[in-house]
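Q:
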Amino acid sequence: MMKGLKKWRLVTLLAALTIILSGCGEEYLSTLLPAGEVGQDQFNLLLLTTGIMILVMIVVFTIYFIALAKFRRKKFGDDHMPKDVEGSHKLELIWTAIPILLVIIMAVPTVYYTYKLGDVSAMEATDDEGNAENLVVNVTAKLYWWEFEYPEQGIVTAQELVVPTGERVYFNLISSDVKHSFWIPAIGGKLDTNVENVNKFYLTFDKESEGLEDGVFYGKCAELCGPSHALMDFKVKTLSPDDFDGWVAAMQETEGATASADSADAGEAAFAQSCIGCHAVSGVGTSGAAAPNLATYGDRNRVAGFLEHNEQNTIDWIKDPQKYKPGNLMPAFDSLSDEDLDAIADYLHGLKVEE
Amino acid sequence: MTTVSNSVEQKKGFGAMLWDWLTTVDHKKIGILYLIGGGFFFVLGGIEAMLIRFQLLIPNNDFVSAGFFNELITMHGTTMIFLAAMPLLFGFMNAIVPLQIGARDVAFPFINSLGFWMFFFGGLFLNLSWFLDAAPDAGWTSYASLSIASAGHGIDFYAIGLQIAGAGTLMAGINFLVTIINMRAPGMTYMRMPLFTWTTFVASALILFAFPPLTVGIFFLTFDRMFGANFFDHTMGGNTIIWEHIFWIFGHPEVYILILPAFGIFSEVFSVFARKRLFGYSAMVFATVLIGFLGFMVWAHHMFTVGLGPTANAIFAVATMAIAVPTGVKIFNWLLTIWGGSIKITTPMLYALGFIPSFVMGGVTGVQQGAAPLDYQLHDSYFIVAHFHYVIVGGVVLAILAATHYWWPKMFGTMLSEKLGKITFWFFFIGFHMTFFLQHFLGLMGMPRRVWTYMDGQGWNLFNLISTIGAVLMAIGVIVLIINVIITTAKNERVGNDPWEDGRTLEWAIPSPPPFYNFAQTPLVRGLDSYWIEKQEGHNGYTAAEPVTDIHMPNGSIIPFFMTLGLFIAGFGAMYRLEHDWGLPVLIFGLAFTFLTMGIRSIKDDLGYYVTKDQIRRMERGRD
Chain G
1 MMKGLKKWRL
11 VTLLAALTII
21 LSGCGEEYLS
31 TLLPAGEVGQ
41 DQFNLLLLTT
51 GIMILVMIVV
61 FTIYFIALAK
71 FRRKKFGDDH
81 MPKDVEGSHK
91 LELIWTAIPI
101 LLVIIMAVPT
111 VYYTYKLGDV
121 SAMEATDDEG
131 NAENLVVNVT
141 AKLYWWEFEY
151 PEQGIVTAQE
161 LVVPTGERVY
171 FNLISSDVKH
181 SFWIPAIGGK
191 LDTNVENVNK
201 FYLTFDKESE
211 GLEDGVFYGK
221 CAELCGPSHA
231 LMDFKVKTLS
241 PDDFDGWVAA
251 MQETEGATAS
261 ADSADAGEAA
271 FAQSCIGCHA
281 VSGVGTSGAA
291 APNLATYGDR
301 NRVAGFLEHN
311 EQNTIDWIKD
321 PQKYKPGNLM
331 PAFDSLSDED
341 LDAIADYLHG
351 LKVEE
Chain V
1 MTTVSNSVEQ
11 KKGFGAMLWD
21 WLTTVDHKKI
31 GILYLIGGGF
41 FFVLGGIEAM
51 LIRFQLLIPN
61 NDFVSAGFFN
71 ELITMHGTTM
81 IFLAAMPLLF
91 GFMNAIVPLQ
101 IGARDVAFPF
111 INSLGFWMFF
121 FGGLFLNLSW
131 FLDAAPDAGW
141 TSYASLSIAS
151 AGHGIDFYAI
161 GLQIAGAGTL
171 MAGINFLVTI
181 INMRAPGMTY
191 MRMPLFTWTT
201 FVASALILFA
211 FPPLTVGIFF
221 LTFDRMFGAN
231 FFDHTMGGNT
241 IIWEHIFWIF
251 GHPEVYILIL
261 PAFGIFSEVF
271 SVFARKRLFG
281 YSAMVFATVL
291 IGFLGFMVWA
301 HHMFTVGLGP
311 TANAIFAVAT
321 MAIAVPTGVK
331 IFNWLLTIWG
341 GSIKITTPML
351 YALGFIPSFV
361 MGGVTGVQQG
371 AAPLDYQLHD
381 SYFIVAHFHY
391 VIVGGVVLAI
401 LAATHYWWPK
411 MFGTMLSEKL
421 GKITFWFFFI
431 GFHMTFFLQH
441 FLGLMGMPRR
451 VWTYMDGQGW
461 NLFNLISTIG
471 AVLMAIGVIV
481 LIINVIITTA
491 KNERVGNDPW
501 EDGRTLEWAI
511 PSPPPFYNFA
521 QTPLVRGLDS
531 YWIEKQEGHN
541 GYTAAEPVTD
551 IHMPNGSIIP
561 FFMTLGLFIA
571 GFGAMYRLEH
581 DWGLPVLIFG
591 LAFTFLTMGI
601 RSIKDDLGYY
611 VTKDQIRRME
621 RGRD
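Protein sequence lines, in the order shown, are assigned to chains G and V.
The first sequence: position 78 = 78 (full-length UniProt numbering), numbered continuously.
The second sequence: position 477 = 477 (full-length UniProt numbering), numbered continuously.
#1: Mind listing which residues of the stretch 110-140 of chain G have their C-beta closer than 7 Å to chain V's C-betas, in chain order?
#2: Going by DSSP, name the residue or residues bridged to N172/G.
#3: Identify which residue in Y64/G, V198/G, F234/G has its Cα closest to the Cα of K220/G.
#4: Can you give me the C-alpha to C-alpha distance between V367/V and R449/V, rounded to a whole angstrom?
#5: Which two residues bound the contiguous beta strand (DSSP E) that contains H27/V?
#6: Helix, strand or coil for I345/V per DSSP?
#7: So, T238/G versus E196/G, is the Cβ gap smaller than 7 Å?
#8: Is the CB-CB distance between V236/G and I155/G below 7 Å?
#9: Within the 7 Å Cβ cut-off, does H279/G reach chain V?
#10: Distance cutoff 7 Å, beta carbons only. Does M474/V sit that close to anything in chain G?
#11: Beta strand (DSSP E) containing Y610/V: first to last residue?
#12: Would you mind working out which of F593/V, H552/V, S602/V, T597/V sits nearest T612/V, comparing C-alpha positions?
#13: Determine the contact status of A332/G and W317/G, defining contact as a CB-CB distance below 7 Å.
#14: Just verifying my parser: in three-state terms, what is the DSSP assignment at F286/V?
#15: Label F227/V either buried or exposed according to how many other C-beta atoms from any shown protein chain fall within 10 Å of its C-beta, with 16 as the threshold for buried.
#16: Alpha carbon to alpha carbon, what distance is there between K491/V and I34/V?
#17: Are the CB atoms of F42/V and A95/V nearer to each other than 7 Å?
#18: Whole angstroms is fine: what's the gap from Q521/V's alpha carbon to F316/V's?
#19: Using the rule of at least 16 other Cβ atoms within 10 Å of the residue's Cβ for burial, across every protein chain shown, is N328/G buried or exposed?
#20: Answer yes or no: does any C-beta atom of chain G fall closer than 7 Å to that of I533/V?
#21: Identify the contact partners of M75/V in chain G, using a Cβ-Cβ distance below 9 Å as the criterion.
#22: Output, in chain order, the set of chain G residues within a Cβ distance shorter than 7 Å of I242/V.
#23: Under 8 Å by Cβ, that's how I've got Y28/G and L212/G pegged, so tell me the actual separation to the nearest angstrom.
#24: Beta-carbon of W95/G versus every beta-carbon of chain V: anything under 7 Å?
#25: Just tell me which of F572/V, L506/V, D550/V, G292/V has its CA closest to the CA of P523/V.
#26: Mind checking the stretch 337-354 of chain V against chain G and listing, in chain order, the residues whose C-beta falls within less than 9 Å of any C-beta there?
#27: Specify, as a first and last residue, the run of the alpha helix (DSSP H) that E147/G falls within.
#28: Going by the DSSP bridge assignment, what does P523/V pair with across the sheet?
#29: Answer yes or no: does any C-beta atom of chain G fall closer than 7 Å to that of N239/V?
#30: Just verifying my parser: in three-state terms, what is the DSSP assignment at N6/V?
#31: Could you tell me which residues DSSP puts in a beta bridge with H180/G?
#32: Under the assumption that Y202/G contacts V169/G (Cβ atoms under 8 Å), give the Cβ distance between them as a whole number of angstroms.
#33: Quick one: which chain V residues come within Cβ less than 8 Å of V85/G?
#34: Say whether the stretch 204-223 of chain V touches the stretch 165-174 of chain V, bearing in mind that this needs 3 or more beta-carbon pairs closer than 8 Å, one atom from each stretch.
#35: In the DSSP assignment, the alpha helix (DSSP H) including Y406/V goes from what residue to what residue?
#36: Counting along the chain, where does the beta strand (DSSP E) carrying H552/V start and finish?
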């Protein structure tokens, strides 16, 4: 049995090692490849605690395997009566004191980072002219999409968060229906979007997303929020500060944009008939819309946050949103003619603020 | 095996036998009922788990629908915690604790029966949701904003079913507390109690303090959903975070309610099969009490990302890490128990030996999650799923399986096949690590928990595939165990008092299964591991503390069954009150029926009966 046990352990261990070495996950999604200061702090804490814990496990497993190898009844015979030991104060003191020490070693950075990551005092800071010093984004989580408002800039977008690199971006988080949780794994830990209070925290984005596989970081909803919880993804575009300013300016220029029913563009006209009631096409505004703002639809990376970004998916989605995201609040527009749908998809994919 | 009780039983027809089980107040039979009920729900929860894993086998799978998946995860968690793990542990507590302390039954046999029936009917109520409407779908934590928003009756089934089952658990907890305080045999001081009895004692104290918050929380939920209250509706001045606090004030101690008896089981197993007394007994007792106490101080570590602020997070983080210390003490004491012993690898010992590395891994990831800023990344990801399965499966389920093999001969008088037992172990153990080890990495690689499906191209495919294969291995292990039980029962080879031959505690000093009165004479306990002491001195059996006297025994009663039935009926009334006319009358009828049965119980004097000296002598002689 023992031989079999050893062999099995070796095999499983080897298998486990190969798998671990096979990668740390995807750069745009993994907490193991942090692309921001917050994620890096958390990753360092992961390394520290893992190190200490592996130390503990080595000690435990060593004693365990030696005991298992040495003290077998097979060796001693059935009549062997081992000596009873009541305990040992010295040993017990050691294995109480050392864990306490290890806990203290972990507790100090834990408390330090808890306060560091919880510090949002700079959120309201303004310079001499009364302008906010830091970028603030108001995030509203809704059944199954995300709204991002930039109050200082007067713009609003949905599904794709756009942020500058190299500075702290502060977030106000709330939900408008049930509880969700805002998580960008590669950038930093999550914070819940509660229904009754605004949660605040900051993240830092150190890497421009352009070089990534899809050109974006992946964001996730991390709190069970109904059938389509798994599909409540969003994407994060990180731009250099200059590019970000350019993006903000382009967004601000969409002020007053709307779809006209009389437009020569059949798509715009159909959109004005069926869609504009819920979906705005101007990026200027505040949060609180009934449906995602579509001013940047053509720049997006995904349809509905998770489907491949092509016109066919847009059409399929409009015809039957429930099929793709069960439980979402958009009604089906299956009565629209195919020509209208094609035209709407064309129109939507042409809505861009980026070059 | 020719005790009077048994020979009488064998002559009974099916109806009489059924009546006997419905009315029994015998702790050993109630223990078996708990095992059957808990075992049934364990298999049910296991099937739900398999469906979950098959859905996650490949990306973009549509094996089950999104809504059904949420019902599956909710019912898997709820079933496994409330209807499988706890009742199975209660089964062993019922069957073994009175024997370990030298008692003839628990302190309140009637309440014991009532507790079982409430668990059973509560579980039944909850699972009827599959057929009558939709099952609850807001997760086993049933966070308020989602559980209030959830359409249909699913969450109503959750609230009422758990209310009934939870009340049963609370009764069982109180019963064990009183039993252990009052019913110990002469000489069984607190510091001579076997560790399983100690951990049962502490877990029962935790139940006493942890279940009332759950009761209150579920009443709030019930009133919000069924009677128009607004405890959790923030637009009406309610607050959803309150639910999270209430739930975790119950929920965290609940984890210790499960794991402490598991620790107790392993303490017994290690010491018996290493043929050595438990190393550092008093430290073990102290660690148990300390873990129980600290268990109430750390609930908010489930809520680090709720936004409680850095001060609350820091305090709860440090308190959480502190629990590692007494738990570590326990691990080292177990290691030193087998160190220098004479280790015999039986099936229960195999589980105990498998438990140490598994639980240590679950424990260390627990400490990591205690580091609040790190938990911001880990929380609600698959890392958490891996962690709590390492603790609950690697700790509690392995303990339940160990106890099943270890105490089966004591409870049923026949021994489970060791060979099949070991096959079960290897399938289950390897499958378990395959299923859950890689989930740590899935979490770190950004996979949130409770996701119905996942897109391709996120680097999660391989690990999810391996995880599902592991789950299949676990299922094979469980199937082998069921086959083992069937074969063993069919063969029915009887065993003596101490079939493992290394038994140390009092339950091994009496026949397997014990006669209905347990001890012909109340035993005298002369130290820790009292049966071991007797064996060392060449005695076979126990030293009696009294001459053979008449034994007072309680009568069986059908009232607990009917009392619970009333609540079960009332539950349907409360649930359908708003849409059906018959709802309110049924609610009133059910409650009135329960109060009526309570009235009968109060008015009718049932003083029990006596087994006379002569009968006892005859039965004891018959056995030899």
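Here a beta-carbon is modelled for each residue, glycine too, at the ideal position from N, C-alpha and C.
Every value quoted in this text rests on a predicted model; they were computed, and no experiment measured them.
A: Let me lay it out:
#1: Answer set for the stretch 110-140 of chain G: T110, V111, Y113, T114, Y115, L117, G118.
#2: According to DSSP, residue pairing for N172/G in a beta bridge involves N138/G, K200/G.
#3: Ranking Y64/G, V198/G, F234/G by Cα distance to K220/G puts F234/G first.
#4: In a straight line, the C-alpha of V367/V is about 19 Å away from that of R449/V.
#5: Taken as a continuous stretch (DSSP letters only), H27/V belongs to no beta strand (DSSP E), being part of the alpha helix (DSSP H) at 27-55.
#6: Coil.
#7: At least 7 Å separates the beta-carbon of T238/G from that of E196/G.
#8: Annotated as distal: V236/G and I155/G, with beta-carbon spacing of 7 Å or more.
#9: Closer than 7 Å: no.
#10: By this cut-off, M474/V is not an interface position.
#11: Element bounds for Y610/V: 609-611.
#12: Closest option to T612/V, Cα to Cα, is H552/V.
#13: The answer is no: Cβ separation not under 7 Å.
#14: Three-state result, F286/V: helix.
#15: Exposed.
#16: For the record, residue 34/V in the displayed sequence is Tyr; it is not Ile. Pairing Y34/V with K491/V, the inter-Cα distance amounts to about 23 Å.
#17: In this structure, A95/V does not lie closer than 7 Å to F42/V by Cβ.
#18: Q521/V and F316/V have their C-alpha atoms some 50 Å from each other.
#19: The residue in question, N328/G, is buried, as its Cβ has 16 or more Cβ neighbours within 10 Å.
#20: So no, I533/V is outside the interface.
#21: Listed by position along chain G, the residues whose Cβ is nearer than 9 Å to that of M75/V form an empty set, because the closest Cβ is around 14 Å away.
#22: Correct list: empty, because the minimum Cβ distance to chain G is about 10 Å.
#23: With 8 Å as the limit, Y28/G and L212/G qualify as a contact, their Cβ atoms being about 5 Å apart.
#24: At a cut-off of 7 Å between beta carbons, W95/G contacts chain V.
#25: Residue L506/V is the option with its Cα nearest to P523/V.
#26: Cβ contacts with chain G: T337, I338, W339, G340, G341, S342, I343, K344, I345, L350, L353.
#27: That residue, E147/G, is in no alpha helix (DSSP H); its beta strand (DSSP E) goes 145-150.
#28: Partner(s): A544/V.
#29: Cβ-Cβ to chain G under 7 Å: yes for N239/V.
#30: At N6/V the pLDDT is 44, less than 50, meaning the model places this residue with poor confidence and gives no usable figure here.
#31: DSSP output for H180/G lists T193/G as bridge partner(s).
#32: About 6 Å; that satisfies the 8 Å criterion.
#33: Going along chain V in sequence order, the residues near V85/G (Cβ under 8 Å) are K276, R277, F279, L336, G340.
#34: Cβ pair count under 8 Å is three or more, so yes.
#35: Segment 398-412, the alpha helix (DSSP H) holding Y406/V.
#36: From DSSP, the beta strand (DSSP E) with H552/V extends over 551-553.
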